[in-house]
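**Student:** Residue numbers (the working numbering): 409 to 562.
1) Please return the same chain residues whose Cβ sits closer than 7 Å to the Cβ of residue 524, not counting the five positions on each side in sequence.
2) Determine the DSSP secondary structure at residue 548, reduced to helix, strand or coil.
3) Under three-state DSSP, which class holds residue 448?
4) Relative to the C-alpha of residue 537, which candidate in 480, 475, 489 has its C-alpha closest?
5) Going by the CB atoms, is the gap between residue 422 and residue 467 shorter than 8 Å?
6) Taking residue 464 as part of the alpha helix (DSSP H), name the residues at either end of that continuous run.
7) Could you give the DSSP three-state label for residue 409: helix, strand or coil?
8) Indicate the three-state DSSP secondary structure (helix, strand or coil) for residue 426 in the structure shown.
9) Classify residue 557 as helix, strand or coil using the three-state DSSP reduction.
10) Return the CA-CA distance between residue 445 and residue 439, expressed in angstroms with no decimal places.
11) Do residue 550 and residue 483 have their C-beta atoms closer together than 8 Å?
12) Alpha carbon to alpha carbon, how far is residue 522 from residue 436? Give it in angstroms, no decimals.
What follows is the structure in structure tokens.
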């Protein structure tokens, strides 16, 4: 297996994220037609504003979520990082379509995606911290922990 092959899973969920954000953008376009809101207006009937805000919320989190995915994949492992990002995308999907219906319906998906992204950020930070400590202090924290906690040895 090449070095590139091990990152196929984060690559796949990255492409899924691109597909998701583009579908959300298309929904804004169709909402503009449905509610007769001309470009560049960002306000209008409640139905349009909900779709627009749902897309905007997804866009605001998109770049940080991708950064967390790739830092977690490189510094810890591609599989848990990709699984957490996949969970984030599922939550974001539920949040978007819920928000399109009613503002309160966004919350279950939002909370789920938030838990997934926070797990991913923690994973990424732990991986970077371990690499910094290993490089500058010559102490491998992940090895020390897995030697003490045997069930972590997968």
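Ideal placement from N, C-alpha and C gives every residue a C-beta, glycine not left out.
**Tutor:** Quick look at the numbers:
1) Counting only Cβ-Cβ distances below 7 Å, and skipping sequence neighbours, we find 492, 495, 496, 499.
2) Secondary structure of residue 548 (DSSP, three-state): coil.
3) Residue state for residue 448 is assigned as coil, using DSSP reduced to three classes.
4) Selected option, being the one with the closest Cα: 480.
5) No. Outside cutoff.
6) Per DSSP, residue 464 belongs to the alpha helix (DSSP H) from 454 to 483.
7) Note: residue 409 maps to coil in three-state DSSP.
8) Here residue 426 sits in helix by DSSP.
9) Here residue 557 sits in coil by DSSP.
10) For residue 445 and residue 439, the gap between their C-alpha atoms comes out near 8 Å.
11) Between residue 550 and residue 483, the CB-CB gap reaches or exceeds 8 Å.
12) The straight-line gap from Cα to Cα measures roughly 23 Å.
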